[in-house]
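Engineer: Those protein sequence lines, which keep their order, are chains A and B. Sequential numbering from 14 applies to the first sequence in the working numbering. Sequential numbering from 14 applies to the second sequence in the working numbering.
2 protein chains.
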Amino acid sequence: MSTPWELRFANRTQRMKSSFIRELLKVTNQPDVISFGGGFPAAELFPIEQMKEACNKVLTENGQKALQYTTTEGYDPLRQWIADDMNTKGLGITKDNILITNGSQQALDFVGRIFINNGDRILTESPTYLGALQAWNAYGPVFVTADTDENGLVTDTLEDIIKQNIKFMYVLPNFHNPLGVTMTLERRKRLIELASQYGVPLIEDDPYGKLLFEGEHITPIAVLDANYHNSQGGQFGGNVIFTSTFSKILAPGLRIGWVIGPAEVIKRMVQAKQGADLQCSTFDQYVAYEMASSEWLPEHIETIIRVYKERRDAMIQAFEDYMPEGTTWTTPRGGLFLWLRLPESCNSLDLFPKAVEEKVAYVPGTPFYPNDGPTNTMRLNFSAADPEKITEGVRRLSVMIKKAITEK
Amino acid sequence: MSTPWELRFANRTQRMKSSFIRELLKVTNQPDVISFGGGFPAAELFPIEQMKEACNKVLTENGQKALQYTTTEGYDPLRQWIADDMNTKGLGITKDNILITNGSQQALDFVGRIFINNGDRILTESPTYLGALQAWNAYGPVFVTADTDENGLVTDTLEDIIKQNIKFMYVLPNFHNPLGVTMTLERRKRLIELASQYGVPLIEDDPYGKLLFEGEHITPIAVLDANYHNSQGGQFGGNVIFTSTFSKILAPGLRIGWVIGPAEVIKRMVQAKQGADLQCSTFDQYVAYEMASSEWLPEHIETIIRVYKERRDAMIQAFEDYMPEGTTWTTPRGGLFLWLRLPESCNSLDLFPKAVEEKVAYVPGTPFYPNDGPTNTMRLNFSAADPEKITEGVRRLSVMIKKAITEK
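Pasting the structure below:
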């Protein structure tokens, strides 16, 4: 049935695409599929009992407020908790630098909404987070890309690119989605220098920062910016918009993320949010605050880290045991994902239907490239399946890949 | 402190305005202010105990699923509940016609996102819902307005307006925000005829439909459209996008609304939602479903209706007791708001700071007019304060208004 609505879509809808990953969810959520596809945290680690207690406490002590409308900016104690947490790292912000968003995805959408004019040039890594591309495509930007290697965004060749009339840069420094790599301190510092020199601001997307498996936490780019502009530090630098989320340390189903930026930017984002959806769930914000400020959270994060590290190790061991020669992978120091590069003759998009037949799922690498990219890559999630399933899933993949190589 | 970000706002931000009402919340939320300003449901009626039970049940039976990511479309049982509820009225939809949104505000934003090109002509009532104007302004439409009187949108003179290259119409038929009026069945039928004749589709915004104080429910426009296109009814008509919410019958803090439309439109809105925020809170959707499908909900709605009717009556009685001659008002058959028209010499925007001094708040009428409108009107909410406070608040307003008249 055709309706008058279908003749009336706005021009921007031609630039909107369905998310490969979100569509994938529908195929791969059958219980017998071993899925490395989603960005799912391990559900068996969700703090369900603590959530029960938090819900009860919130409803008993603040039921009327927690179910009522609240300000668009978000629940103040939650904003203050986030400010305090970032300030322990030396950021120098107040709650007025913070807007609570529906996951960090909404923060990315608001970046597009308040900054991107049709034709604006945005510098991204290549590959980069698919959700950012999807949020921004509707606003019609041109993506200018820079390389990212094992040590994060490559800064050696960045100066030539940053000169090319760039509106802003977008970087995922910790346990990059999809690559799993981490940007070194040296490169972060160089990035801040270049950003200041050419007056190009940047978005730091850090959803997994707390999930570090080994080594030291590296200073956030936003903090380096604060230090660069204030020799004593302790004052927000203002060149970096920072976004993160409770999705990976509490639960993604709550949809509570946040964005940190100059107060003037937050004001504009508040206007955007008023039009977009008024505010985030008051109840989920109260509950998230209850859990975030609880004493058990650090221990809970330790548990997540221990389990995800085991799973990463299981996946890498399985690669070593099963994958054919010519297959390479990244070894993430944290987070949820790694990146697999197959022999060049293998096309991961062509292999996908076969994988689904074999009851194993991944995300082909191609959609993560803003413009063009190789076709022999894939993103694998290691947080959602236990080591045994991971081993079996990698084995199934390896059989399929070996067959594809032989058939060429 | 000025940052590079502030030089980089997109052109559309010049069309974005702060919501008068959302900003107002910050001023009027002090406990000693009697506020007729917000659209707050009565917090003392929130089903807090039932919410506790629902949270416990959801977390005990479905904890892992309720805290995990889910599909963008929304939680299927909740979509099915909404479809069933609408189908009892004769709409003829399936869950594929439904997207769960963060309140109905997000549905309005998605309408803007997928339909409005810069310069498109949108037909609205005048005055109309401020949140729709705010959601759509960023997309650059031209608002073409039609009159609304005590019997809703005036259809007698609509034909001349509908011919003027209108992209879509936007109507609030039940207990109109801000007017409080209800559109008659006759006018609804005429509207559907005109919409079909000129091929102009329409948005039916119905957040308060279930809160009817007296008389009979009038058939939704979407259902009249289904009947118009199918002589037997029972099949979705496709010309009407319908939106509603649980905010006024459960709790606005949950941010669970929905939009109903042709499957092709819902598909596009799902794309928009993928980019905007991936999905609504899984947990809030599970909890909302638990409460919506419970046996106590009809009784709970009866309680809300009884209390709001008392409050409406108290407000109207106070008008009769206190307001000076030349003041008129609407008498809503349901919902949360009514509309007050002061003597022409009174400017409700000028009076506002004085009202705040007297610890009483309202929303001046001017912002509800898409283009121009009279300055002597105000929207008053009667759901949030008890009858005693309502009487006292109206008394304070009346003193102020009488003084303003005398001073002229």
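For each residue, glycine too, the CB sits at the ideal point set by N, CA and C. None of the values given here were measured: they were computed from a predicted structure.
Anything in the stretch 82–105 of chain A with a Cβ closer than 8 Å to a Cβ of chain B? List those residues in chain order, please.
Structural biologist: Of all residues in the stretch 82–105 of chain A, 82, 83, 84 and 85 have a Cβ within less than 8 Å of some Cβ in chain B.
Engineer: When you compare the CB positions of residue 47 of chain A and residue 405 of chain A, do they come within less than 8 Å of one another, or not?
Structural biologist: Working through the first sequence from its first residue, we reach residue 47 of chain A at position 34. Working through the first sequence from its first residue, we reach residue 405 of chain A at position 392. Closer than 8 Å, so yes.
Engineer: Counting only Cβ-Cβ distances shorter than 7 Å, please list the residues of the stretch 385–398 of chain A near chain B, keeping chain order.
Structural biologist: Correct list: empty, as no residue qualifies.
Engineer: For residue 211 of chain A, which residues in the same chain have their Cβ closer than 7 Å to its Cβ, ignoring the five residues on either side in sequence?
Structural biologist: Looking up residue 211 of chain A in the first sequence gives position 198. Correct list, in chain order: 175 and 176.
Engineer: If we ignore side chains and look at the alpha-carbon of each, how far apart do residue 339 of chain B and residue 320 of chain B end up?
Structural biologist: Taking the second sequence and counting its residues from 1, the one referred to as residue 339 of chain B is at position 326. Taking the second sequence and counting its residues from 1, the one referred to as residue 320 of chain B is at position 307. C-alpha separation (whole angstroms): 29 Å.
Engineer: For the alpha helix (DSSP H) holding residue 404 of chain B, just list the boundary residues, first then last.
Structural biologist: Counted from its first residue, the second sequence places residue 404 of chain B at position 391. Segment 400–420, the alpha helix (DSSP H) holding residue 404 of chain B.
Engineer: Who are the neighbours of residue 173 of chain B on chain A, taking C-beta pairs under 7 Å?
Structural biologist: Along the second sequence, one-based indexing puts residue 173 of chain B at 160. Those within 7 Å of residue 173 of chain B in chain A number zero; the least Cβ separation is about 20 Å.
Engineer: So with Cβ pairs under 8 Å, would you call residue 220 of chain B a contact of chain A?
Structural biologist: By 1-based counting over the second sequence, the position of residue 220 of chain B is 207. It does not; no Cβ of chain A falls within 8 Å.
Engineer: For a test of the three-state rule: what should DSSP assign to residue 346 of chain B, helix, strand or coil?
Structural biologist: Sequence index remark: in the second sequence, residue 346 of chain B carries index 333 (1-based). Coil at residue 346 of chain B, not helix or strand.
Engineer: Using a C-beta cutoff of 8 Å, does residue 51 of chain B count as contacting chain A?
Structural biologist: For the purposes of this step, residue 51 of chain B is taken as the residue at position 38 of the second sequence. Yes, contact with chain A.
Engineer: Give me, in chain order, the residues of the same chain whose beta-carbon lies closer than 7 Å to that of residue 55 of chain A; leave out the 5 immediate sequence neighbours on both sides.
Structural biologist: For the purposes of this step, residue 55 of chain A is taken as the residue at position 42 of the first sequence. These residues qualify, in order along the chain: 320, 396 and 397.
Engineer: Using DSSP bridges, identify the partner residues of residue 394 of chain B.
Structural biologist: The sequence position of residue 394 of chain B within the second sequence is 381, counting from 1. In the DSSP output, where bridge partners are listed per residue, residue 394 of chain B has B:350.
Engineer: For residue 95 of chain B, collect the residues of the same chain with a Cβ closer than 7 Å to its Cβ; drop the 5 residues on either side in sequence, then sort them by chain order.
Structural biologist: Position 82 of the second sequence, counting from 1, holds the residue named residue 95 of chain B. Answer for residue 95 of chain B: 111 and 271, listed in chain order.
Engineer: Going by alpha carbons, who is nearest to residue 85 of chain A out of A:277, A:72 and A:114?
Structural biologist: Translated into the one-based positions of the first sequence, residue 85 of chain A becomes position 72. Answer by Cα proximity: A:114.
Engineer: Can the beta-carbon of residue 353 of chain B be found less than 8 Å from the beta-carbon of residue 291 of chain B?
Structural biologist: In the second sequence, the residue the question calls residue 353 of chain B occupies position 340. In the second sequence, the residue the question calls residue 291 of chain B occupies position 278. No, Cβ-Cβ distance for residue 353 of chain B and residue 291 of chain B is not below 8 Å.
Engineer: Looking at C-alpha atoms only, which residue of B:234, B:216, B:192 and B:221 is the closest neighbour of residue 201 of chain B?
Structural biologist: One-based indexing of the second sequence puts residue 201 of chain B at position 188. Closest by alpha carbon: B:234.
Engineer: Are the beta-carbon atoms belonging to residue 29 of chain B and residue 119 of chain A less than 8 Å from one another?
Structural biologist: Here residue 29 of chain B corresponds to residue number 16 of the second sequence, with the count starting at 1. Here residue 119 of chain A corresponds to residue number 106 of the first sequence, with the count starting at 1. Cβ atoms of residue 29 of chain B and residue 119 of chain A: not closer than 8 Å.
Engineer: Mapping the DSSP letters down to three states, classify residue 218 of chain A as helix, strand or coil.
Structural biologist: Position 205 of the first sequence, counting from 1, holds the residue named residue 218 of chain A. Reduced to three states, the DSSP call for residue 218 of chain A is strand.
Engineer: Extract the residue ranges of the beta strand (DSSP E) inside the stretch 307–392 of chain B, only unbroken runs of 3 or more that lie entirely within it.
Structural biologist: Fully enclosed beta strand (DSSP E) runs of 3 or longer: 350–354.
Engineer: Taking residue 128 of chain A as the reference, which of A:227, A:190, A:198 and A:213 has the closest Cα?
Structural biologist: Walking along the first sequence from the start, residue 128 of chain A turns up at place 115. Comparing Cα-Cα distances from residue 128 of chain A to each of A:227, A:190, A:198 and A:213, the minimum goes to A:213.
Engineer: Suppose contacts are defined by Cβ-Cβ distances below 8 Å. Is residue 331 of chain B in contact with residue 408 of chain B by that definition?
Structural biologist: Taking the second sequence and counting its residues from 1, the one referred to as residue 331 of chain B is at position 318. Taking the second sequence and counting its residues from 1, the one referred to as residue 408 of chain B is at position 395. Cβ atoms of residue 331 of chain B and residue 408 of chain B: closer than 8 Å.
Engineer: Looking only at its own chain, which residues have a Cβ that is under 7 Å from the Cβ of residue 223 of chain A, when we skip the five neighbours before and after it?
Structural biologist: The residue you call residue 223 of chain A lines up with position 210 of the first sequence. Excluding residues within five positions, the ones whose Cβ falls inside 7 Å are 262 and 314.
Engineer: Sorted by chain position, which residues of the same chain lie with C-beta nearer than 8 Å to residue 341 of chain B's C-beta, five sequence neighbours on each side aside?
Structural biologist: Position 328 of the second sequence, counting from 1, holds the residue named residue 341 of chain B. If we look at residue 341 of chain B and ignore the five residues flanking it on each side, its Cβ neighbours are 353 and 354.
Engineer: Output the distance between the C-alpha atoms of residue 60 of chain B and residue 206 of chain A, rounded to the nearest integer angstrom.
Structural biologist: For the purposes of this step, residue 60 of chain B is taken as the residue at position 47 of the second sequence. For the purposes of this step, residue 206 of chain A is taken as the residue at position 193 of the first sequence. C-alpha separation (whole angstroms): 55 Å.
Engineer: Is the stretch 179–192 of chain B close to the stretch 130–141 of chain B, with three or more CB pairs under 8 Å?
Structural biologist: The stretch 179–192 of chain B vs the stretch 130–141 of chain B: in contact.
Engineer: Residues of chain A with a CB under 9 Å from the CB of residue 122 of chain B: which are they?
Structural biologist: Residue mapping note: residue 122 of chain B aligns to position 109 of the second sequence, counting from 1. Near residue 122 of chain B (Cβ distances below 9 Å), the residues of chain A are 288, 289 and 290.
Engineer: For the putative contact between residue 151 of chain A and residue 268 of chain A, defined by C-beta atoms under 8 Å, what is the C-beta separation to the nearest angstrom?
Structural biologist: If you number the first sequence from 1, residue 151 of chain A lands on position 138. If you number the first sequence from 1, residue 268 of chain A lands on position 255. Not quite, the Cβ-Cβ distance comes to about 20 Å (not below 8 Å), so this is no contact.
Engineer: Which residues of chain B have a Cβ atom closer than 7 Å to the Cβ of residue 127 of chain A, listed in chain order?
Structural biologist: What you label residue 127 of chain A is simply residue 114 of the first sequence in a count that begins at 1. Simply 22, 23 and 26.
Engineer: Any beta carbon of chain A sitting closer than 8 Å to that of residue 214 of chain B?
Structural biologist: Position 201 of the second sequence holds residue 214 of chain B. It does: the Cβ of residue 214 of chain B has a partner Cβ on chain A nearer than 8 Å.
Engineer: Quick one, are the C-beta atoms of residue 143 of chain A and residue 33 of chain A less than 8 Å apart?
Structural biologist: As a first step, residue 143 of chain A must be located in the first sequence, where it is residue number 130. As a first step, residue 33 of chain A must be located in the first sequence, where it is residue number 20. Taking 8 Å as the Cβ cut-off, residue 143 of chain A and residue 33 of chain A qualify as a contacting pair.
Engineer: Please classify residue 244 of chain A: is it buried, with 16 or more other beta-carbons within 10 angstroms of its beta-carbon, or exposed?
Structural biologist: On the first sequence, residue 244 of chain A is found 231 positions in, with the first residue counted as 1. With fewer than 16 Cβ atoms within 10 Å of its Cβ, residue 244 of chain A is classed as exposed.
Engineer: Measuring CA to CA, which of B:347, B:323 and B:183 is closest to residue 229 of chain B?
Structural biologist: For the purposes of this step, residue 229 of chain B is identified with residue 216 of the second sequence, where counting begins at 1. Of B:347, B:323 and B:183, the residue nearest in Cα terms is B:347.
Engineer: Of the residues that make up the stretch 61–80 of chain A, which ones have a beta carbon closer than 7 Å to any beta carbon in chain B?
Structural biologist: Going along the stretch 61–80 of chain A in chain order, one finds 61, 64, 65, 68, 69, 72, 76, 77, 79 and 80 with a Cβ nearer than 7 Å to chain B.
Engineer: Give me the residue from B:371, B:350 and B:419 with the minimum Cα distance to residue 50 of chain B.
Structural biologist: For the purposes of this step, residue 50 of chain B is taken as residue 37 along the second sequence, with counting starting at 1. When each option's Cα is compared against that of residue 50 of chain B, the closest is B:350.
Engineer: Would the beta-carbon of residue 215 of chain B fall within 8 Å of that of residue 249 of chain B?
Structural biologist: Position 202 of the second sequence, counted from the start, is the residue given in the question as residue 215 of chain B. Position 236 of the second sequence, counted from the start, is the residue given in the question as residue 249 of chain B. No, they are not a contact pair.
Engineer: For residue 281 of chain B, return the contacting residues in chain A, with the cut-off set at a CB-CB distance below 8 Å.
Structural biologist: Position 268 of the second sequence, counting from 1, holds the residue named residue 281 of chain B. Under the 8 Å cutoff, chain A gives 22, 26 and 29.
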